[in-house]
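Trainee: Protein chains in written order, with my numbering: chain W, 1 to 491; chain S, 492 to 975.
1) Suppose you measure from the CA of residue 700 of chain S to the CA of residue 283 of chain W; what does that come to, to the nearest Å?
2) In its own chain, which residues sit with a C-beta less than 7 Å from the C-beta of residue 783 of chain S, not counting the 5 before and 5 after it?
3) Tell me whether the beta-carbon of residue 269 of chain W lies closer than 9 Å to the beta-carbon of residue 136 of chain W.
4) Flag this pair as yes or no: are the beta carbons of residue 371 of chain W and residue 97 of chain W separated by less than 9 Å?
5) Hey, does residue 961 of chain S have any beta-carbon neighbour from chain W nearer than 9 Å?
6) Report the residues of the region 428-449 of chain W with a CB closer than 9 Å to any CB of chain S, ordered along the chain.
7) So residue 146 of chain W and residue 294 of chain W are in contact, right, with Cβ under 8 Å, and what is the actual spacing, rounded?
8) Residue 306 of chain W to residue 432 of chain W, Cα distance in whole Å?
9) Please report how far the alpha carbon of residue 213 of chain W lies from the alpha carbon of residue 365 of chain W, in whole angstroms.
10) With 16 as the cutoff for other CB atoms within 10 Å, does residue 766 of chain S come out buried or exposed?
11) Report the partner residues of residue 641 of chain S according to the DSSP bridge assignment.
12) Could you give the C-beta distance for residue 405 of chain W and residue 424 of chain W, rounded to a whole number, given that I count them as a contact under 8 Å?
13) Using a Cβ-Cβ cut-off of less than 9 Å, give me the residues of the region 810-825 of chain S that come near chain W, in sequence order.
14) Tell me which same chain residues have a C-beta within less than 8 Å of the C-beta of residue 389 of chain W, skipping the five on either side of it?
15) Could you tell me if residue 720 of chain S is buried or exposed, where buried requires 16 or more neighbouring beta carbons within 10 angstroms of its beta carbon?
16) Report, in whole angstroms, the separation of the C-beta atoms of residue 47 of chain W and residue 16 of chain W, which I expect to be a contact under 8 Å.
17) With 9 Å set as the bound, which would you pick, yes or no: does the beta-carbon of residue 669 of chain S sit closer than that to a beta-carbon of chain W?
18) Under 8 Å by Cβ, that's how I've got residue 788 of chain S and residue 645 of chain S pegged, so tell me the actual separation to the nearest angstrom.
19) Go through its chain and collect everything with a Cβ distance to residue 99 of chain W's Cβ below 6 Å, but skip five positions before and after it.
20) Please classify residue 878 of chain S as buried or exposed, where buried requires at least 16 neighbouring CB atoms within 10 angstroms.
21) Find out if the Cβ-Cβ distance for the pair residue 811 of chain S, residue 609 of chain S is shorter than 9 Å.
22) Would you say residue 80 of chain W and residue 933 of chain S are within 9 Å of each other, going by their C-beta atoms?
23) Could you list which residues in chain W have their beta carbon closer than 7 Å to that of residue 621 of chain S, in chain order?
24) When you measure from the CB of residue 177 of chain W to every non-hydrogen atom of the ligand SAH, does any distance come out below 8 Å?
25) CA-CA distance, residue 779 of chain S and residue 847 of chain S?
26) Exposed or buried, which one is residue 12 of chain W when buried takes at least 16 other CB atoms within 10 Å?
27) Could you say which of S:825, S:680, S:662 and S:901 lies nearest to residue 757 of chain S if we only look at CA atoms?
28) Taking Cβ-Cβ distances shorter than 7 Å, what residues in chain W pair up with residue 880 of chain S?
29) Between residue 252 of chain W and chain S, is the shortest Cβ-Cβ distance under 9 Å, so that the two count as touching?
30) Roughly how many whole angstroms lie between the Cα atoms of residue 624 of chain S and residue 614 of chain S?
31) DSSP state of residue 701 of chain S, grouped into three classes?
32) Between which residues of its own chain and residue 501 of chain S is the CB-CB distance below 6 Å, once the five residues before and five after are set aside?
33) Tell me which same chain residues have a C-beta within less than 7 Å of the C-beta of residue 202 of chain W, skipping the five on either side of it?
34) Counting only C-beta atoms, is residue 471 of chain W closer than 9 Å to chain S at any point?
35) Any beta carbon from chain W within less than 9 Å of residue 624 of chain S's own beta carbon?
36) Using a Cβ-Cβ cutoff of 7 Å, what residues of the region 70-87 of chain W are near chain S? List them in chain order.
Now the structure itself:
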């Protein structure tokens, strides 16, 4: 595919009309004492609507999105974001609702939350759900606070200080454990899956929880999940499900059936709410009977035909953010659930796993695949053999951008040298899969010179990240202060 | 390559799905059975079920019980029917506020947010292909730096409350002590979020009482607490939980000495106020939803976070920096990533990964449409409306409006002298007035602010008729309470 990304020399919005308001005192504010009054206005421009719209439209054209490009980022589940969800989320009956409105005036919103929660209890096999967390990592953190509250009530909190996780765990897992005050311990993998003997040796009276993603970040289903659950529970620990990879098993199995006590889901992955250039997402907490009393408040309840917010949960951890979660995204996820239904959900897993195995099979010609061949929604390749030619995985990733496809997730998980993690969700057609194979072939067979020079067709060429970290220019104020050095950026 | 065949199991669902018109298989999952069959053939397989041979039978599912899927017209009809049971605040005379605002959103904001190159993009980990998101986030950081007078800002956190939580942990990292002080007037939700962020650490969150006349921090009490030592930070908010500007703020740095100061600030207020840098703030956090987003029943919101440069390396969240590309062109990229969870894992400064990028985009687009002068004028107009409202309500027997004697901008605390605030608000609602929200903690048995306080806010669109309607409804509500 011939691909050329838009390339504008677009100034910062603040550079479009610098200082037009400068020198003027800000508008008078009634009743504001002089000592509070801002003396100099903020340095921000006064622009026409067209100037603003044109600026940000140009910036948008210097971006990749799912609507323009395939996005094979492993563990990110970059599937199509249905337009009908966008339409419905923008209804005034959804958007013009303040969270502190009386319950009588927001019955529809509460019903959406309630229905989505009920649907997700079925998807997860766990009986209670809270939609409050803003993102996956936020859900992990909240769940670990619930784990802490559970052990505190049992008088085991002081003793259970450790969270175990496999060496393939997402980085958010150990970071969330740290935020919840736990120390972490990594369990080594064997052939890409949890080494159950190592887990047996590690669990004990100090274990608070074992955090597991299944299928894991190597794209492998942890087939020994029943033994894993048994091992953790026998030691008195709790089993935590990281739902980042739920797409692969929708309707096939679920965290409850596998023996997990608590789970988070990423609605922005599995349930197709847009990633927004890095957020907002929506985390979901699902818990079994043991942990459900600790879920955040309020809980949405149905009393007769009326929906209400219930704050009377004495064991609850309380609030983990303002209001009730990212409602705008919950609504989109509900639309997705409603559209798919029983068979549609199952078909997601089937097609995502089929896409992944097909692509893994085709790409194994070019680079080695670690571990067993049967994968789930994603798979790993190792770029290690490229090193003989002085080429790295990073170079292939950059070269793929020139093919008009996003790069895979790279250098994660770290148990595979020069790893590439590839995920093509169910919304990608065979045509896109085959186009990616062709693009991949051109990339890995290109000359080292071309690979090092890539990308050439994106809005900017290879970016100097070392310089960024060294000069730390993080705002327009920094750029102004750098003064003459600014010229270094100009062509 | 062959896979082991799965064991036969009657309970397992093995049906194939036909791409019937209107079904999700035709709409969102491409290809028909022949495409599926062709892909399987390449793998030497006959049935997709063979790809799930590694999922033990013991954990396989029968049916989920979520019902059949719906086509698009049916989905739209179903969801609209549910949403029609809502009554948006725009159908009322609304005075709801607090950290979540209901200001008018210009159409151009959503036009930009609807550019799918923005909203369907992932985190800009490949900077060459993501300059749009990166430059917009750099502009967002620049704006929060301008408003706060701080050295640097990050590219957003979840919301104002979680930004406070992250600020608490940052202070704990850089200053010895176990006690973190907050105003007793802090909204209960933020207090609860802070307690959760503190759970895993030897931290006690303690309240500084408020002055009964001004609602501001009791400075004598604060001095005493600081004097006892072991304090690693203080949070103060502008406006405070009562909607007021706390005159004590100007004295905080003198009282705190080296103890870090976190300011929670409303971005629109900062367009007319001296920046918190001037009060000696070390970290400035805030809620940014009011710039370009409708409330959406409380989410998505956007957490604002800025700090002094010396604290940057222990700060949470993504940060965008300017650099150049291989040809010397200006370019933007994520930087200081070694603080983050995907690199540093259990030694990261925070676990945050997904943030609120698109809402941060709305924030900077809104400010650019309104302009520096426009923001200050807007705050001026809303302030005038709030003062007119206070005059209209203050003259009513049974109400104190505002309850406290201190300067305020767009909102203030209202005291209901007769009956509970909740009953009063309920009576207003029946007269098509959303009069504000109760400041009491709704959790049973929790000590908190009194049942008699309401936070009431003016909007940019509040007109005289709405103010008169509030006053009439308030009189009627109080008369009904008196009669009962």
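Glycine included, each C-beta is placed from N, C-alpha and C at the ideal position.
Mentor: In this structure, then:
1) One-based indexing of the second chain puts residue 700 of chain S at position 209. One-based indexing of the first chain puts residue 283 of chain W at position 283. Whole-angstrom Cα-Cα distance: 35 Å.
2) In the second chain, counting from the first residue as 1, residue 783 of chain S sits at position 292. Hits under 7 Å: 596, 600, 853, 854, 856 and 857.
3) Residue mapping note: residue 269 of chain W aligns to position 269 of the first chain, counting from 1. Residue mapping note: residue 136 of chain W aligns to position 136 of the first chain, counting from 1. Yes, these two residues count as a Cβ contact at 9 Å.
4) As a working note, residue 371 of chain W is residue 371 in the first chain. As a working note, residue 97 of chain W is residue 97 in the first chain. Contact: no.
5) Here the question's residue 961 of chain S lines up with position 470 in the second chain. No, no contact with chain W.
6) 428, 429, 430, 431, 432 and 433
7) On the first chain, position 146 is the one that residue 146 of chain W refers to. On the first chain, position 294 is the one that residue 294 of chain W refers to. Right, their Cβ atoms sit about 4 Å apart.
8) Looking up residue 306 of chain W in the first chain gives position 306. Looking up residue 432 of chain W in the first chain gives position 432. Between residue 306 of chain W and residue 432 of chain W, the C-alpha separation is close to 47 Å.
9) Counting from one through the first chain, the residue named residue 213 of chain W turns up at place 213. Counting from one through the first chain, the residue named residue 365 of chain W turns up at place 365. Straight-line Cα distance between these residues: approximately 28 Å.
10) The count along the second chain starts at 1 and reaches residue 766 of chain S at position 275. Buried, because 16 or more other Cβ atoms sit within 10 Å of the Cβ of residue 766 of chain S.
11) Within the second chain, numbered from 1, the residue matching residue 641 of chain S stands at position 150. None, per the DSSP bridge assignment.
12) On the first chain, residue 405 of chain W is found 405 positions in, with the first residue counted as 1. On the first chain, residue 424 of chain W is found 424 positions in, with the first residue counted as 1. The Cβ separation is near 10 Å, so there is no contact.
13) 810, 811, 812, 813, 814, 815, 816, 817, 818, 819, 820, 821, 822, 823, 824 and 825
14) The residue given as residue 389 of chain W occupies position 389 in the first chain. Taken in chain order, the residues that qualify are 448.
15) Translated into positions along the second chain, residue 720 of chain S becomes position 229. Under this definition residue 720 of chain S is an exposed residue.
16) Taking the first residue of the first chain as position 1, residue 47 of chain W is located at position 47. Taking the first residue of the first chain as position 1, residue 16 of chain W is located at position 16. The Cβ separation is near 6 Å, so the contact holds.
17) In the second chain, counting from the first residue as 1, residue 669 of chain S sits at position 178. Residue 669 of chain S does not count as touching chain W.
18) Here residue 788 of chain S is taken as the residue at index 297 of the second chain, counted from 1. Here residue 645 of chain S is taken as the residue at index 154 of the second chain, counted from 1. Wrong, their Cβ atoms sit about 26 Å apart, outside the cutoff.
19) For this step, residue 99 of chain W is matched to residue 99 along the first chain. Closer than 6 Å at Cβ, skipping near neighbours: 323.
20) For the purposes of this step, residue 878 of chain S is taken as the residue at position 387 of the second chain. Per the 10 Å Cβ criterion, buried.
21) Position 320 of the second chain holds residue 811 of chain S. Position 118 of the second chain holds residue 609 of chain S. No. Outside cutoff.
22) Sequence index remark: in the first chain, residue 80 of chain W carries index 80 (1-based). Sequence index remark: in the second chain, residue 933 of chain S carries index 442 (1-based). For residue 80 of chain W and residue 933 of chain S, no; Cβs fall outside 9 Å.
23) As a working mapping, residue 621 of chain S is identified with position 130 in the second chain. Going along chain W in sequence order, the residues near residue 621 of chain S (Cβ under 7 Å) are 63 and 64.
24) The ligand SAH is absent from the structure shown, which contains no ligand whatsoever.
25) On the second chain, position 288 is the one that residue 779 of chain S refers to. On the second chain, position 356 is the one that residue 847 of chain S refers to. Those two C-alpha atoms are separated by around 10 Å.
26) As a working note, residue 12 of chain W is residue 12 in the first chain. Under this definition residue 12 of chain W is a buried residue.
27) Translated into positions along the second chain, residue 757 of chain S becomes position 266. Nearest of S:825, S:680, S:662 and S:901 to residue 757 of chain S, Cα basis: S:901.
28) For the purposes of this step, residue 880 of chain S is taken as the residue at position 389 of the second chain. None at all; the shortest Cβ gap to chain W is about 12 Å.
29) By 1-based counting over the first chain, the position of residue 252 of chain W is 252. Yes, because at least one Cβ of chain S sits closer than 9 Å to the Cβ of residue 252 of chain W.
30) For this step, residue 624 of chain S is matched to residue 133 along the second chain. For this step, residue 614 of chain S is matched to residue 123 along the second chain. Between residue 624 of chain S and residue 614 of chain S, the C-alpha separation is close to 8 Å.
31) Here residue 701 of chain S refers to the residue found at position 210 of the second chain. DSSP places residue 701 of chain S in strand when its eight states are reduced to three.
32) Your numbering for residue 501 of chain S matches position 10 in the second chain. At residue 501 of chain S the pLDDT is 33, less than 50, meaning the model places this residue with poor confidence and gives no usable figure here.
33) Position 202 of the first chain, counting from 1, holds the residue named residue 202 of chain W. So the qualifying residues of the chain are 164, 185 and 187.
34) On the first chain, residue 471 of chain W is found 471 positions in, with the first residue counted as 1. Yes, contact with chain S.
35) Translated into the one-based positions of the second chain, residue 624 of chain S becomes position 133. Yes, because at least one Cβ of chain W sits closer than 9 Å to the Cβ of residue 624 of chain S.
36) 71, 73, 76, 78, 80, 81, 82 and 84
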